[in-house]
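Novice:
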Amino acid sequence: MIKPMRVLGIETSCDETGIAIYDDKLGIMAHQLYSQVALHADYGGVVPELASRDHIRKTIPLIAATLAEAGCTKDDIDGVAFTAGPGLMGALLVGATIGRSLAFAWDKPAVAVHHMEGHLLAPMLEESAPEFPFVALLVSGGHTLLVRVDGIGRYEILGESVDDAAGEAFDKTAKLMGLDYPGGPRLAKLAEQGQGGVYQFPRPMTDKPGLDFSFSGLKTATAMAINEAGAQPSEQTRANIAHAFQQAVVDTLAIKCKRALVQTGLNRLVVAGGVSANTSLRAQLSELMQGLGGEVFYPRNEYCTDNGAMIAFAGLQRLRANDIEPLAVRARPRWPLDELTAVD
Ligand code: KG4
Ligand code: ZN
12 MIKPMRVLGI ETSCDETGIA IYDDKLGIMA HQLYSQVALH ADYGGVVPEL
62 ASRDHIRKTI PLIAATLAEA GCTKDDIDGV AFTAGPGLMG ALLVGATIGR
112 SLAFAWDKPA VAVHHMEGHL LAPMLEESAP EFPFVALLVS GGHTLLVRVD
162 GIGRYEILGE SVDDAAGEAF DKTAKLMGLD YPGGPRLAKL AEQGQGGVYQ
212 FPRPMTDKPG LDFSFSGLKT ATAMAINEAG AQPSEQTRAN IAHAFQQAVV
262 DTLAIKCKRA LVQTGLNRLV VAGGVSANTS LRAQLSELMQ GLGGEVFYPR
312 NEYCTDNGAM IAFAGLQRLR ANDIEPLAVR ARPRWPLDEL TAVD
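Going by my numbering, 294 is the number at position 283 of the sequence shown; the sequence numbering is gapless.
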């Protein structure tokens with residue numbers, strides 16, 4: 012019989028401090044999230060140095076609160092997992108240093124988790140977890156990736172963005188439209204009021220073969236429409252532009268997902284990362300998979316954006332495979348997903 016394990020997860024790669032405890036018998040026992048949205052709002056985006064300093068203030072109290080919520084002490088924890096990359100270097104170093112040091116002090120193993128592997132595995136925290144193999148669409152603020160997944164750490168990158176990530180395109184377009192940070196969800200909300208067919212934006216890189224993405228041209232097309240709408244466009248015009256932008260991103264992602272499924276011959280799709288919370292994207296991908304007679308899996312909303320639960324879960328999988336960290340504190344602002352080792 013395999014001994015049940017329990018892992019503390021620490022996420023500090025960007026503007027959210029996320030802490031969780033995952034037990035492979037009980038599931039997520041506790042998770043806490045502190046968002047820095049208010050801190051960065053005045054600047055219209057994440058200020059890396061402020062993010063690092065805030066993680067320093069929040070991480071340890073949040074770990075204490077999470078242990079208390081789960082009714083655990085350090086003796087109940089089998090390992091400490093932290094996001095080691097990719098992300099903002101200073102922000103990563105806070106979680107990596109605290110995680111590594113805590114593991115040393117507690118005499119437990121430390122596990123360095125790849126942030127995108129965390130996102131990728133987040134749907135496995137749900138009751139109906141996807142089985143391998145599947146195609147994963149990872150759409151976050153920093154990455155847009157299509158990946159063939161044959162197991163944990165068995166990742167083949169099928170396509171990625173050659174410029175802006177999908178979430179980044181949402182955020183930059185939101186800024187152009189005068190929406191406050193964090194722009195992506197606000198733009199999505201505005202798009203709900205929009206009328207289809209008024210504006211038509213390109214579906215970049217869908218007319219030629221391949222699975223890569225490009226979103227910077229779409230952002231420019233949207234910027235032009237915003238300019239043409241004049242200094243004070245009506246709320247309906249703004250909503251129509253937001254709707255057309257969102258529809259172009261969603262269509263582009265759906266076209267490439269279908270292509271990836273056909274190319275791999277697979278019929279399971281996993282969608283994760285911040286943009287996977289987008290209701291329009293979910294509706295379209297669910298419809299696509301219904302048409303293909305396949306299945307689509309998402310994390311619940313709170314595990315779409317950054318959180319500690321996905322890091323604790325991914326950390327436990329790697330701890331089981333004994334993929335543990337030496338004493339050095341490791342953090343990588345850039346870290347290709349397909350460099351990870353397979354766990355079996
Ligand atoms: O995964 P995540 O929390 O952080 C990164 O790893 O980057 O993703 C954040 C991204 C941001 O760009 C945000 O605007 C976008 O996800 N996002 C959304 C929605 N919710 C979050 N984009 C579109 N629609 C949403 N509902
Ligand atoms: Zn993320």
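Even for Gly, the Cβ is constructed at its ideal location relative to N, Cα and C. Since the model is a prediction, treat every value here as computed from it, not as a measurement.
Where does the unbroken beta strand (DSSP E) through residue 38 begin, and where does it stop?
Specialist: First-last of the beta strand (DSSP E) with residue 38: 38 to 46.
Novice: State the beta-bridge partners of residue 125 as determined by DSSP.
Specialist: Paired residues: 96.
Novice: Quick one: give me the first and last residue of the alpha helix (DSSP H) that residue 194 is part of.
Specialist: Run containing residue 194: 194 to 203, per the alpha helix (DSSP H) assignment.
Novice: Any idea which residues DSSP pairs residue 283 with across the strands?
Specialist: DSSP output for residue 283 lists 149 as bridge partner(s).
Novice: Checking 8 Å against the spacing of the C-beta atoms, do residue 182 and residue 152 come in under that value?
Specialist: Yes, the pair counts as a contact, with Cβ atoms nearer than the cut-off.
Novice: What's the C-alpha gap between residue 136 and residue 42?
Specialist: Between residue 136 and residue 42, the C-alpha separation is close to 13 Å.
Novice: When the Cα atoms are used, what is the spatial distance from residue 328 to residue 234?
Specialist: The alpha-carbon atoms of residue 328 and residue 234 are separated by roughly 44 Å.
Novice: For residue 212, which residues from the same chain have a beta carbon less than 7 Å from its beta carbon, with the 5 sequence-adjacent residues on both sides left out?
Specialist: Counting only Cβ-Cβ distances below 7 Å, and skipping sequence neighbours, we find 229, 232, 233, 255, 256, 259.
Novice: Thinking C-beta only, is residue 316 closer than 8 Å to residue 266?
Specialist: Contact: no.
Novice: So, is residue 356 buried or exposed, given that buried needs 16 or more other C-beta atoms within 10 angstroms?
Specialist: The chain is shown only over 12 to 355; residue 356 falls outside these bounds and no answer can be derived.
Novice: Can you tell me where the alpha helix (DSSP H) holding residue 31 begins and where it ends?
Specialist: From DSSP, residue 31 is part of no alpha helix (DSSP H) but of the beta strand (DSSP E) over 27 to 34.
Novice: Hey, is the region 75 to 84 in contact with the region 56 to 64, meaning 3+ C-beta pairs nearer than 8 Å?
Specialist: Because the criterion of three Cβ pairs below 8 Å is not met, the region 75 to 84 and the region 56 to 64 do not touch.
Novice: Report yes if the C-beta distance between residue 149 and residue 283 is below 8 Å; otherwise report no.
Specialist: Yes.
Novice: Measuring alpha carbon to alpha carbon, tell me which residue in 247, 22, 318, 176 is nearest residue 104.
Specialist: It is 22 whose Cα lies nearest to the Cα of residue 104.
Novice: Per DSSP, what kind of secondary structure is residue 326 in: helix, strand or coil?
Specialist: Residue 326: helix per DSSP, three-state reduction.
Novice: Hey, how far is the Cα of residue 322 from the Cα of residue 94?
Specialist: Whole-angstrom Cα-Cα distance: 7 Å.
Novice: In this structure, does DSSP put residue 19 in helix, strand or coil?
Specialist: Residue 19 falls in the strand class under three-state DSSP.
Novice: The alpha helix (DSSP H) spanning residue 261 covers which residue range?
Specialist: Start and end: 246 to 275.
Novice: Using 8 Å as the Cβ pair cut-off and three pairs as the minimum, do the region 239 to 249 and the region 118 to 132 touch?
Specialist: Cβ pair count under 8 Å is below three, so no.
Novice: Alpha carbon to alpha carbon, how far is residue 26 from residue 112? Give it in angstroms, no decimals.
Specialist: Going by the C-alpha atoms only, they are around 22 Å apart.
Novice: Would you kindly check if the distance between the Cβ of residue 122 and the Cβ of residue 92 is under 8 Å?
Specialist: Yes.
Novice: Quick check on DSSP: helix, strand or coil for residue 54?
Specialist: Residue 54: coil per DSSP, three-state reduction.
Novice: Let me check one thing: in DSSP terms, what residues is residue 155 bridge-paired to?
Specialist: Answer is 150, bridged to residue 155.
Novice: Under the assumption that residue 264 contacts residue 133 (Cβ atoms under 8 Å), give the Cβ distance between them as a whole number of angstroms.
Specialist: That belief does not hold up - the Cβ atoms of residue 264 and residue 133 are roughly 18 Å apart, past 8 Å.
Novice: To the nearest whole angstrom, what separates the beta carbons of residue 102 and residue 52, a pair I think is in contact under 8 Å?
Specialist: With 8 Å as the limit, residue 102 and residue 52 do not qualify as a contact, their Cβ atoms being about 17 Å apart.
Novice: Going straight from the alpha carbon of residue 355 to that of residue 332, what length do you get?
Specialist: Going by the C-alpha atoms only, they are around 7 Å apart.
Novice: To the nearest angstrom, how far is it from the Cα of residue 287 to the Cα of residue 205?
Specialist: So the two alpha carbons sit approximately 20 Å from each other.
Novice: If we ignore side chains and look at the alpha-carbon of each, how far apart do residue 345 and residue 106 end up?
Specialist: Whole-angstrom Cα-Cα distance: 16 Å.
Novice: For residue 262, is the beta carbon positioned less than 7 Å from some heavy atom of ligand 1?
Specialist: No, ligand 1 has no heavy atom inside 7 Å of this Cβ.
Novice: Can residue 174 be considered in contact with ligand 1, in the sense that its beta carbon sits closer than 7 Å to one or more heavy atoms?
Specialist: For ligand 1, not one heavy atom lies less than 7 Å from the Cβ of residue 174.
Novice: What is the residue span of the alpha helix (DSSP H) that residue 239 lies within?
Specialist: Taken as a continuous stretch (DSSP letters only), the alpha helix (DSSP H) holding residue 239 covers 227 to 239.
Novice: Quick one: does the C-beta of residue 25 sit closer than 7 Å to a heavy atom of ligand 1?
Specialist: Indeed, a heavy atom of ligand 1 lies less than 7 Å from the Cβ.
Novice: For residue 214 and residue 262, what's the separation of their Cα atoms in angstroms?
Specialist: Answer to the nearest angstrom: the Cα atoms are 7 Å apart.
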